[in-house]
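Undergrad: Below you will find the structure I want to go over with you.
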Amino acid sequence: MPFSSADDVDVTHAVDNVEPVPGLALREIPLQEIGANPQQPRRAFDEEALAELAHSI
């Protein structure tokens, strides 16, 4: 899904009061290192229903 100008929103004010949690950190990883979860129960999608949902958002 392409991004639009609506996605260009400054949200830094939303994290002004966030304190770091000792022992936790954010990491950036390459997308190619992310795999599908083999336990994912949703395997089949109704394309028409999915398109309708996407259009409604």
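Residues in the sequence shown are numbered from 24 upward in steps of one, following the working numbering. Glycine is no exception: its CB is placed at the ideal position from the N, C-alpha and C atoms.
May I have the straight-line CA-CA distance separating L73 from V41, to the nearest angstrom?
TA: When rounded, the distance between both Cα atoms is 36 Å.
Undergrad: By how many angstroms is the C-alpha of L47 removed from the C-alpha of P64?
TA: Going from the Cα of P64 to the Cα of L47 covers about 29 Å.
Undergrad: When the Cα atoms are used, what is the spatial distance from I57 to E51?
TA: Rounded to whole angstroms, I57 to E51 spans 11 Å at the Cα level.
Undergrad: Run through DSSP, which three-state label would L54 get?
TA: Of the three classes helix, strand and coil, the one that applies to L54 here is helix, per DSSP.
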